[in-house]
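**Student:** Can you keep this structure in mind? I'll have questions shortly.
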Amino acid sequence: MSLDRSDVERIAHLARLQIDENDIPAYTENLSSILNLVDQMQQADTENVAPLANPLDAVQRLRADDVTETDQREQLQSVAPAVEEGLFLVPKVIE
Amino acid sequence: MEWEVVIGLEIHVQLSTKTKIFSGASTAFGAAPNTQACAVDLALPGTLPVFNENALRMAVMFGLAVNAEIGKRSVFERKNYFYPDLPKGYQTTQLAEPIVGPGFVDIETDDGVQRRVRIHHAHLEEDAGKSLHEDFHGMSGIDLNRAGTPLIEIVSEPDMRSAKEAAAYARKIHAIVTTLGICDGNMAEGSMRCDCNVSVRPKGEEKLGTRTELKNINSFRFIERAIDSEVARQIDLIEDGGSVVQETRLYDPERNETRSMRSKEDANDYRYFPCPDLLPVVIDDSYIEAIRTTLPELPDARRDRFMNEYSLSEYDAGVLSAYRPQADYYEQVAGACGDAKLAANWVMGELAKYLNQHDTDITQSPVSAAQLGGLLLRIKDNTISGNIAKKVFELMWSEGGSADEIIEAQGLKQVTDTGEIEKIVDEVIARSDKQVEQYKAAEPEKRGKMLGFFMGQVMKATGGKANPGAVNGILKQKLDALCD
Chain A
47 MSLDRSDVER IAHLARLQID ENDIPAYTEN LSSILNLVDQ MQQADTENVA PLANPLDAVQ
107 RLRADDVTET DQREQLQSVA PAVEEGLFLV PKVIE
Chain B
13 MEWEVVIGLE IHVQLSTKTK IFSGASTAFG AAPNTQACAV DLALPGTLPV FNENALRMAV
73 MFGLAVNAEI GKRSVFERKN YFYPDLPKGY QTTQLAEPIV GPGFVDIETD DGVQRRVRIH
133 HAHLEEDAGK SLHEDFHGMS GIDLNRAGTP LIEIVSEPDM RSAKEAAAYA RKIHAIVTTL
193 GICDGNMAEG SMRCDCNVSV RPKGEEKLGT RTELKNINSF RFIERAIDSE VARQIDLIED
253 GGSVVQETRL YDPERNETRS MRSKEDANDY RYFPCPDLLP VVIDDSYIEA IRTTLPELPD
313 ARRDRFMNEY SLSEYDAGVL SAYRPQADYY EQVAGACGDA KLAANWVMGE LAKYLNQHDT
373 DITQSPVSAA QLGGLLLRIK DNTISGNIAK KVFELMWSEG GSADEIIEAQ GLKQVTDTGE
433 IEKIVDEVIA RSDKQVEQYK AAEPEKRGKM LGFFMGQVMK ATGGKANPGA VNGILKQKLD
493 ALCD
């Protein structure tokens with residue numbers, strides 16, 4: 047499977063990545079070759095193989111429902127670019 | 013052409029755990045913004061989720077309550093999309109292997125339709141934060157307190173055939189989750205939110221029509237109205253030669269119409285995959301069976317018991333059992349006064365009216381079940397009439413106190429003393445010449461109706477305290493004596 051320029055632009059948009067125009071041909075080639083590898087893997091016979099959720103042969107541990115986290119807003123927000131009235135501010139996400 | 017409506021619901025229920033599904037931050041409602049959002053909820057680098065056992069237990073309780081298969085192995089997956097109130101860039105949810113498999117609930121609408129609605133599955137997932145779009149100099153404000161609150165999303169099959177059925181199903185789910193105590197059921201605070209998938213097809217047609225999804229409806233009344241308006245829109249559209257487009261629509265309660273939010277073309281590709289940070293959740297039969305023994309009496313069972321034990325109508329029993337605090341309250345009142353029917357009338361009548369008017373939940377009622385039971389006892393033993401009881405109830409609501417204290421303080425005790433009533437009846441007759449003449453002139457079989465005037469006068473004279481049965485008997489006897 048090979049991608050074209052518009053596929054790469056759409057993937058970049060979905061991933062919210064800004065990419066350099068000049069790099070698009072290289073990305074297109076790299077991503078296409080990854081997909082070709084996937085195609086190759088798809089040809090493996092998985093008829094009798096159960097889907098694998100996790101490569102580790104272990105099960106999830108559970109946590110008791112107790113509050114262990116205290117308010118650390120001040121510290122956590124000290125790295126935020128913009129804060130007001132305790133809220134994180136981000137570019138407007140609605141028209 | 014006759015159309016058939018096809019509805020399926022996706023209901024999000026916030027679980028009432030103390031902490032988040034994957035972190036130890038509190039989930040209490042109403043805290044100052046971002047004071048309950050820890051490093052895990054903020055998706056800071058290096059943090060890892062740890063699954064809350066209580067969320068698992070509550071999801072299993074729900075599954076058992078809707079007769080479902082419980083997934084002994086369930087897997088968390090990542091649903092990827094970008095939105096600022098979702099800091100990780102994906103929602104941790106379940107897809108291929110959910111905790112609750114196929115089940116069902118039985119519903120009945122108020123116009124008597126009964127139906128079994130199949131549940132496709134229910135899965136565990138995390139809630140997102142909240143975005144506030146006003147007044148931040150063109151920016152949006154993000155509060156992540158809600159991020160990571162545990163949810164179960166309950167997905168029904170498209171088994172409902174009217175807006176009423178959809179609302180009845182949502183009410184039934186609400187009754188179940190509140191009875192189980194796994195959700196506070198507060199729809200205004202978003203504890204239960206509903207997406208409705210709606211389509212229409214010509215009656216008799218097998219193939220489903222194209223559906224639209226109505227998002228985030230947070231009241232039973234709006235579920236009904238939103239679906240009705242969407243159904244009308246779809247039928248008009250098709251009958252005018254158009255076709256329905258698969259899309260997400262928002263219901264606007266002010267205008268009672270739905271409008272397009274996004275079409276399928278802009279729909280996200282969520283790129284689900286198993287979350288590598290979480291291992292498969294595995295539970296065994298003994299875990300499930302231990303939970304089964306903790307299940308409370310469920311709404312359907314309680315309704316049936318109310319019908320058998322208290323001889324209530326199916327409707328009354330259904331209403332009273334739908335909300336556990338109300339059902340508990342009712343049983344206390346019935347026990348205190350010993351009259352199940354009277355208790356039902358008062359809990360669904362006067363009490364419900366006051367709760368509604370004051371927008372108060374029954375758990376916050378200023379009149380306790382013991383107080384109301386005490387009041388009803390005084391109706392039962394003829395200390396007061398039903399009308400006076402309403403007056404006592406009003407005082408009880410606004411000022412507190414027991415029925416006996418209020419009756420005593422206000423001098424509301426019913427007059428049953430025949431001598432006293434006779435005296436008042438004599439006075440009324442003596443000053444009502446005109447009405448007495450009319451009574452005498454009337455045909456005997458019409459006289460009964462004419463008693464009303466005298467009855468009213470006697471009640472007025474006694475401030476409503478005379479025993480109506482006694483007054484009626486004495487009046488009739490004295491007036492008829494005048495006719496001979």
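Chains as they are written, first to last, in the working numbering: chain A, 47 to 141; chain B, 13 to 496.
Built from N, CA and C at the ideal position, the CB exists for glycine as well.
Just so we're clear, the structure is a prediction, and the values are computed from it rather than from any experiment.
(1) Mind checking who residue 489 of chain B pairs with in its DSSP beta bridge?
(2) Unbroken alpha helix (DSSP H) runs of length 4 or more, entirely within the stretch 211-298 of chain B: which are they?
(3) Quick one: give me the first and last residue of the beta strand (DSSP E) that residue 370 of chain B is part of.
(4) Any chance the stretch 177-194 of chain B sits against the stretch 69-79 of chain B, with 3 or more Cβ pairs inside 8 Å?
(5) Run down chain B in chain order and give the residues with a C-beta less than 9 Å from the C-beta of residue 123 of chain A.
(6) Rounded C-beta distance between residue 332 of chain B and residue 342 of chain B? I'm assuming under 8 Å.
(7) Counting only beta-carbon separations shorter than 8 Å, does residue 208 of chain B have a partner in chain A?
(8) For residue 100 of chain A, decide whether its Cβ has a neighbour in chain B, counting only Cβ atoms nearer than 8 Å.
(9) With DSSP run on the structure shown, which of helix, strand or coil describes residue 47 of chain A?
(10) Touch check for the stretch 21-38 of chain B and the stretch 204-212 of chain B: three-plus C-beta pairs under 8 Å?
(11) Return the residue from the list B/318, B/326 and B/349 that minimises the CA-CA distance to residue 339 of chain B.
(12) Determine the chain B residues that contact residue 90 of chain A at a beta-carbon separation under 7 Å, and present them in chain order.
(13) Would you say residue 293 of chain B lies against chain A (beta-carbon separation less than 8 Å)?
(14) Using a C-beta cutoff of 8 Å, does residue 53 of chain A count as contacting chain B?
(15) Excluding sequence positions up to five away, which residues of its chain have a Cβ less than 6 Å from the Cβ of residue 175 of chain B?
(16) Tell me the DSSP bridge mates of residue 205 of chain B?
(17) Tell me which residue opens and which closes the beta strand (DSSP E) that residue 136 of chain B is part of.
(18) For residue 71 of chain A, decide whether its Cβ has a neighbour in chain B, counting only Cβ atoms nearer than 8 Å.
(19) Could you name the residues of chain A that residue 91 of chain B contacts, counting a contact when the two beta carbons are closer than 9 Å?
(20) State the Cα-Cα distance for the pair residue 45 of chain B and residue 307 of chain B, rounded to the nearest angstrom.
(21) Around the C-beta of residue 439 of chain B, are 16 or more other C-beta atoms found within 10 angstroms, so that it is buried, or is it exposed?
(22) Can you check which of these residues, B/464, B/409, B/156 and B/425, is closest to residue 441 of chain B by C-alpha distance?
(23) Under 8 Å, Cβ to Cβ, is there at least one residue of chain A near residue 257 of chain B?
(24) Using a Cβ-Cβ cut-off of 7 Å (strictly less than) and excluding sequence neighbours within five positions of residue 179 of chain B, which residues of its own chain qualify?
(25) Can you pull the chain B residues whose beta carbon is under 7 Å from the beta carbon of residue 108 of chain A, in chain order?
(26) List in chain order: all unbroken alpha helix (DSSP H) runs of 4+ residues lying wholly within the stretch 413-487 of chain B.
(27) Alpha carbons only, please: which of B/58, B/452 and B/444 is nearest the one belonging to residue 467 of chain B?
(28) Measuring alpha carbon to alpha carbon, tell me which of B/147, B/166 and B/105 ends up nearest residue 130 of chain B.
(29) I'd like the span of the alpha helix (DSSP H) that includes residue 340 of chain B, first residue to last.
**Tutor:** Concretely, from the data shown:
(1) BP columns for residue 489 of chain B are empty, so no partner.
(2) 232-251
(3) Where residue 370 of chain B is concerned, there is no enclosing beta strand (DSSP E), given that its DSSP letter is neither H nor E.
(4) yes
(5) 46
(6) Going by Cβ atoms, the distance from residue 332 of chain B to residue 342 of chain B rounds to 5 Å, so yes, they are a contact pair.
(7) no
(8) Yes, because at least one Cβ of chain B sits closer than 8 Å to the Cβ of residue 100 of chain A.
(9) coil
(10) yes
(11) B/318
(12) Within chain B, no C-beta atom comes less than 7 Å from the C-beta of residue 90 of chain A; the nearest is roughly 18 Å away.
(13) yes
(14) no
(15) 236, 239 and 240
(16) B/24
(17) 126-138
(18) no
(19) Per Cβ cutoff of 9 Å: no residues; residue 91 of chain B is ~13 Å from chain A at best.
(20) 35 Å
(21) exposed
(22) Closest by alpha carbon: B/464.
(23) No, residue 257 of chain B lies away from the interface with chain A (no Cβ there is under 8 Å from its Cβ).
(24) 232, 235 and 236
(25) 63, 65 and 68
(26) 415-422, 430-442, 445-453 and 459-473
(27) B/444
(28) B/166
(29) 336-349
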